[in-house]
Amino acid sequence: MKYTGIGAFEELVLLMIGVLDEDAYGVAIKEEIASQTGKRPSIGALHSALKRLEGKGLISSHEGGATQERGGRRKRFYQLTNAGKEALMESYQLRNNLFKQIKGLAWD
Amino acid sequence: MFSNKLKDWHGTKSTPQSGKAPGWAESWLRWFCNEDDLEIFMGDLQEMFQLRMQRRGKSFAKWAFVYDVATLFRPFFWKKIQPHYSFAMNRHFLKASFRNLRKNKNYSIIHILGLTLGILCSTILFLKIRHELQFDTYHPDADRIYRIVSTVENPFETNYQPGVPFPFREAFITDFPEIETVALIDANISNLIRVPDEEGKDIPYEEDGLVGVTSEYFQLFSYEWLAGNPKTALQEPNQLVITDEAAIKYFGTADAMGKQISLKKGRYWEIVGVVKAPPKHTSFPFQLFKTQDMEDAKEWGMYQWESVSSSVQCYFKLPENITKEAIESRLPAFLAKHMKEDKASRTTMSIQPLADLHFDQQFRIGYGKQTISKASLWALGLIGLVILISACMNFINLNSALIFRRAKEIGVRKVLGSGKKDIIRYFLIETSLLVLISFALAVFLSELIISRISFLLDADLEMNIIRDPQLILFWGILLMGILLMAGLYPAIRMSQLSPFMALKNQFKPKWKQGISLRQGFMVSQFFIAQILIICTLIAHKQMKYFQEAPLGFNKEAVIELRVPDEYNIEDLVAWRSKMTQYPSVQGVAFSNTGAASDNTWGSNYNYYPEDTLQPVVKGNLQVKAVDENYIEVFGIELLAGENLRYSEKIDQIMVNETFIRQIGENDPQAVIGRTLSVWGQKAPIVGVIKDFTTESLKEKIVPVALISQTSANNCAVKVTATDIQEVIPQLKEAYTSIFPNGLFEYQFLDEEIEQFYESERRSSQIFQISALLAIFIGSIGLFGMISFLAERRTKEIGIRKVLGASISNILYLFTKDFGLQLGLGFLLAIPVAWYVMDWWLSDFANQVSISADVFLIAFIASLAIMMMTVSYRIFQAARVNPVHSLRDE
Chain R
85 MKYTGIGAFE ELVLLMIGVL DEDAYGVAIK EEIASQTGKR PSIGALHSAL KRLEGKGLIS
145 SHEGGATQER GGRRKRFYQL TNAGKEALME SYQLRNNLFK QIKGLAWD
Chain W
21 MFSNKLKDWH GTKSTPQSGK APGWAESWLR WFCNEDDLEI FMGDLQEMFQ LRMQRRGKSF
81 AKWAFVYDVA TLFRPFFWKK IQPHYSFAMN RHFLKASFRN LRKNKNYSII HILGLTLGIL
141 CSTILFLKIR HELQFDTYHP DADRIYRIVS TVENPFETNY QPGVPFPFRE AFITDFPEIE
201 TVALIDANIS NLIRVPDEEG KDIPYEEDGL VGVTSEYFQL FSYEWLAGNP KTALQEPNQL
261 VITDEAAIKY FGTADAMGKQ ISLKKGRYWE IVGVVKAPPK HTSFPFQLFK TQDMEDAKEW
321 GMYQWESVSS SVQCYFKLPE NITKEAIESR LPAFLAKHMK EDKASRTTMS IQPLADLHFD
381 QQFRIGYGKQ TISKASLWAL GLIGLVILIS ACMNFINLNS ALIFRRAKEI GVRKVLGSGK
441 KDIIRYFLIE TSLLVLISFA LAVFLSELII SRISFLLDAD LEMNIIRDPQ LILFWGILLM
501 GILLMAGLYP AIRMSQLSPF MALKNQFKPK WKQGISLRQG FMVSQFFIAQ ILIICTLIAH
561 KQMKYFQEAP LGFNKEAVIE LRVPDEYNIE DLVAWRSKMT QYPSVQGVAF SNTGAASDNT
621 WGSNYNYYPE DTLQPVVKGN LQVKAVDENY IEVFGIELLA GENLRYSEKI DQIMVNETFI
681 RQIGENDPQA VIGRTLSVWG QKAPIVGVIK DFTTESLKEK IVPVALISQT SANNCAVKVT
741 ATDIQEVIPQ LKEAYTSIFP NGLFEYQFLD EEIEQFYESE RRSSQIFQIS ALLAIFIGSI
801 GLFGMISFLA ERRTKEIGIR KVLGASISNI LYLFTKDFGL QLGLGFLLAI PVAWYVMDWW
861 LSDFANQVSI SADVFLIAFI ASLAIMMMTV SYRIFQAARV NPVHSLRDE
């Protein structure tokens with residue numbers, strides 16, 4: 085594993101990329117975050133996080149899909165790497181584990 | 021699928037919107053963003069823009085776009101700064117620059133010539149202006165040192181008096197005890213000193229730097245003391261302080277403590293201190309200080325409040341907590357207490373700060389250097405600035421033109437891999453080379469001529485590069501400025517060149533823009549040159565007037581001799597008869613100040629009209645104490661009445677025309693026999709003389725009284741014009757026979773009068789030189805431009821020749837443009853030159869008129885010079901065989 089840790093926002097972005105599957109690119113991620121969580125991160129913050137995640141080896145990218153709305157410019161699509169998937173799994177398991185240990189919280 | 025989702029997001033607005041994303045924000049992004057991400061970001065932003073436009077309208081979308089770009093402005097996304105591994109290129113650039121300069125030798129020379137002159141000029145003027153501004157600033161607490169001055173209202177004019185009466189200081193100290201140090205400077209003393217030599221014999225000298233001061237002088241004004249105690253020097257009578265320069269002159273060594281100098285026959289003063297001579301920028305260039313004493317003043321009855329000499333001045337230091345106004349407000353009461361009522365009421369005393377001394381035009385100072393008005397300094401600075409700008413404009417003009425035509429070379433360089441920064445550095449190096457060479461030359465030349473120029477500028481300038489940080493700073497700024505202006509603009513333009521276009525030879529720099537700027541430059545140069553030419557011509561006219569205008573007395577062939585300080589009447593009589601024995605001597609006259617002089621004595625007068633019922637006319641006039649030969653020796657015309665007869669008291673007076681006009685009479689005869697009182701004495705008017713110039717032609721003529729008391733400070737000898745050189749030794753012989761211990765000194769009257777106009781002559785010379793410089797620099801610039809144009813249009817000229825144009829046709833083609841520019845420059849120059857000259861001439865009571873012929877001459881002269889410059893070059897170009905010029909490259 086290449087990373088030392090990821091922040092909450094980075095994790096959110098990572099999850100979104102997973103959710104959006106093949107359609108995970110800048111604008112789509114931004115819109116999806118907005119519709120699912122109500123947060124509206126700026127495009128700068130978003131791309132920053134994307135770059136960091138890619139730097140940590142958790143996602144990879146490829147370019148393509150130029151459309152007219154974009155003035156003929158390409159998109160950069162992101163997808164989870166194995167390391168990224170692993171990271172998400174670990175995080176999920178850890179949270180779940182700790183969650184179960186809290187008295188009085190419904191967990192089924 | 022995603023696309024379905026996207027459709028959900030679109031189209032909440034009723035009507036489809038359209039618009040463009042803000043271009044400037046886009047440019048901004050393009051500017052800072054790195055290549056890899058740029059396209060992606062642009063795409064995202066564009067897509068967001070479209071979305072937002074549909075959802076919330078155009079303006080929201082635009083603002084959000086800008087916001088987005090701002091959020092992307094993070095170092096994370098910035099362009100990587102390319103490490104520039106081209107230090108190795110510098111050597112090549114240097115070599116290439118040298119080659120270039122050598123290749124275009126002519127242009128390089130033109131460049132360097134013009135720039136060197138410009139830098140030279142500005143350096144010298146910088147030194148001069150700084151010198152003047154530095155005057156008297158080196159004394160500690162200089163801002164609290166003041167001088168007493170008085171403004172006296174006389175019935176017909178106002179008198180500005182920098183001096184104080186002898187009793188002033190004592191009274192001032194008594195009545196204003198809170199004022200710390202009060203010093204009196206008394207320069208109204210004879211300059212004759214006698215220094216004993218090794219054998220004890222007294223050698224006479226004229227020491228103009230001799231002055232009497234009270235001991236506080238050295239508390240006010242700082243000197244570097246080589247020997248002696250500044251706190252106690254000159255507290256006792258008969259003491260001296262001497263500068264090292266003077267000591268070396270008289271004793272051969274600066275160690276002069278304890279030595280003696282005689283200031284009066286048989287009495288000796290002792291040297292109690294030696295100081296370093298003051299710096300050149302001081303208003304007090306004294307070399308020898310004696311303890312001020314009131315002996316002479318009391319002996320000659322001048323120790324009174326009614327008598328004031330402008331060379332007796334009072335300086336003091338104001339304590340910190342007291343304001344100028346506090347002192348000034350108590351002065352009127354002080355005056356009323358000590359001065360006679362009628363004079364006190366007309367006198368306003370005020371205190372003048374030390375800083376104003378050197379620039380004051382009203383009170384003047386009289387201790388050495390002439391004052392210079394701030395206005396003159398401004399004018400000088402302006403001239404220097406203008407010449408510098410002229411030279412720089414030329415440089416920029418020509419440099420840009422030369423650089424722009426090297427498009428092909430730049431294309432090749434770019435193809436071979438030079439980046440933008442490299443190209444910029446390349447051109448900067450080349451320009452720097454030129455600038456540095458000019459600079460080095462200018463520095464060298466200024467060292468060379470600084471001492472010669474000092475005379476012209478009336479300032480002892482020294483250039484000491486190593487110890488002068490201000491000068492170095494000045495040069496640094498100058499260098500930077502020229503480099504940036506001349507080198508940066510074309511360098512940047514060229515670096516942006518597309519190699520493709522350049523190599524295809526289709527490079528056209530924004531020629532239109534270049535042209536108007538270029539023309540503007542040319543016009544300004546003509547403008548500047550014309551102004552200076554006109555000013556020079558008018559200044560010359562005025563100088564000629566000063567030299568040739570009739571003065572009302574004869575200044576040719578009159579020699580003025582020094583009268584010894586101690587004499588008695590018999591000596592003078594004997595001396596005169598000795599001199600008149602010589603056939604070449606036609607007359608000898610004794611007076612107090614000669615004919616025209618800068619030493620003027622004044623007096624109040626009371627004129628008693630015939631009709632005793634009419635009031636007594638009071639006023640102020642100038643007094644000359646003369647003898648019976650005076651008007652004959654000077655050739656002054658008598659209009660009515662008769663000449664003075666010999667007398668030793670004030671019992672006869674002659675007046676001039678201006679006087680009788682002032683008292684309201686027109687007929688000279690009418691005043692003959694009337695009583696006039698001068699210097700407190702009443703005497704009858706025996707004659708009326710024609711007006712003559714008693715000061716310089718710069719002042720208007722005032723009422724003058726010639727009175728019969730002979731106090732002889734001046735001896736004027738009229739000689740026949742042919743034997744002037746022979747007569748000098750004869751006069752010397754006569755003098756030494758009567759005054760064996762005296763100092764024989766003589767001066768020709770016309771030379772002495774010339775000295776009055778020294779500063780004007782200097783101004784005139786400065787105008788001349790500036791004009792020449794401006795013309796020269798302008799011509800150089802013109803020549804450069806024309807050479808360049810001619811080269812550029814060689815093909816065109818060739819074609820025209822083939823089509824039948826004659827050489828004069830081609831000449832006309834080129835000169836037409838410049839002729840128009842010259843004309844424009846001239847028209848603009850007229851009002852400016854007129855205004856400047858009007859201002860300069862307004863100082864003089866007798867001014868020449870600013871006439872049209874001066875302007876005409878200036879224009880024609882400029883036209884001629886321009887034609888010559890242009891023709892020479894064009895002629896060369898036009899003579900080229902079209903076969904050569906039309907050859908394909």
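Chains R and W, in that order, give the protein sequences.
Residue 85 is where the first sequence starts when you use the numbering used here, and the numbers rise one by one after that.
Residue 21 is where the second sequence starts when you use the numbering used here, and the numbers rise one by one after that.
From the three backbone atoms N, C-alpha and C, an ideal C-beta is built for every residue, glycine too.
Computed from a predicted structure; not experimentally measured.
- In terms of Cα proximity to I894(W), the closest of L906(W), F838(W) and F304(W) is F838(W).
- Contact holds between the stretch 130-149 of chain R and the stretch 80-100 of chain W, because three or more Cβ pairs, one in each stretch, are under 8 Å apart.
- Across the set N110(W), I651(W), T91(W) and M857(W), the C-alpha of N110(W) shows the shortest separation from the C-alpha of L453(W).
- The three-state secondary structure of K718(W), taken from DSSP, is coil.
- K125(W) and L847(W) have their alpha carbons spaced roughly 36 Å apart.
- Proximity of L92(W) to chain R, defined by a Cβ-Cβ separation below 8 Å, is satisfied.
- Looking at the DSSP output, G293(W) sits in a beta bridge with V261(W).
- With a 10 Å radius around the Cβ and a threshold of 16 neighbouring Cβ atoms, M173(R) comes out exposed.
- The stretch 156-176 of chain W and the stretch 508-522 of chain W do not touch, with fewer than three beta-carbon pairs separated by less than 8 Å.
- The DSSP assignment places 166-184 as complete runs of the alpha helix (DSSP H) inside the stretch 148-191 of chain R, in order along the chain (cut-off: 4 residues).
- Taking 8 Å as the threshold, the shortest C-beta distance from A171(R) to chain W does not fall below it.
- Below the 9 Å Cβ cutoff, chain R contributes R154, G155 and R157 as neighbours of M62(W), in chain order.
- Here the alpha carbons of L717(W) and K564(W) stand approximately 12 Å from one another.
- Using a Cβ-Cβ cut-off of 8 Å, D88(W) is close to S126, I127 and G128 of chain R, given in chain order.
- Judged by pairs of C-beta atoms under 8 Å, the stretch 672-690 of chain W does not touch the stretch 744-762 of chain W, as fewer than three such pairs exist.
- With respect to I347(W), L355(W) sits apart: the two C-beta atoms are not nearer than 8 Å.
- The DSSP-derived three-state label of K284(W) is strand.
- Going by C-alpha positions, L537(W) is about 21 Å away from L448(W).
- Proximity of M483(W) to chain R, defined by a Cβ-Cβ separation below 8 Å, is not satisfied.
- The continuous stretches of alpha helix (DSSP H) do not include R214(W), which lies in the beta strand (DSSP E) extending over residues L212 to P216.
- Here DSSP, grouped into helix, strand and coil, assigns Y509(W) to helix.
- Beta bridge pairing from DSSP links N626(W) with K638(W) and S697(W).
- Under the 8 Å Cβ criterion, the stretch 627-636 of chain W does not count as touching the stretch 762-778 of chain W, having fewer than three qualifying pairs.
- DSSP places P373(W) in the strand class (E or B) of the three-state scheme.
- Approximately 6 Å separates the beta-carbon atoms of V578(W) and A736(W); this is inside 8 Å, confirming the contact.
- Across the stretch 49-73 of chain W, CB contacts with chain R closer than 8 Å involve D57, E59, I60, F61, M62, G63, D64, L65, Q66, E67, M68, Q70 and L71, in sequence order along the chain.
- Using beta-carbon distances, F96(W) counts as an interface residue toward chain R, with a partner under 8 Å.
- For Y602(W), DSSP assigns no beta-bridge partner whatsoever.
- When C-alpha distances from Q682(W) are compared across N179(W), Q672(W), K638(W) and K669(W), the shortest belongs to K638(W).
- By the neighbour-count criterion, in which 16 or more other beta carbons inside 10 Å mark a residue as buried, L254(W) falls on the buried side.
- Residue environment: M805(W) is assigned as buried (16 or more neighbouring CB atoms within 10 Å of its CB, all protein chains considered).
- Cβ neighbours of E227(W) within its own chain (closer than 6 Å, five residues either side excluded): N211, I213 and L308.
- Counting only runs of 4 or more residues that sit fully inside the stretch 541-605 of chain W, the alpha helix (DSSP H) segments are 589-600, in chain order.
- With a threshold of 16 other beta carbon atoms within 10 Å, P723(W) meets it and is buried.
- DSSP places S170(W) within a strand segment (E or B) once states are collapsed to three.
- The stretch 399-408 of chain W and the stretch 784-804 of chain W touch, with no fewer than 3 CB-CB distances between them shorter than 8 Å.
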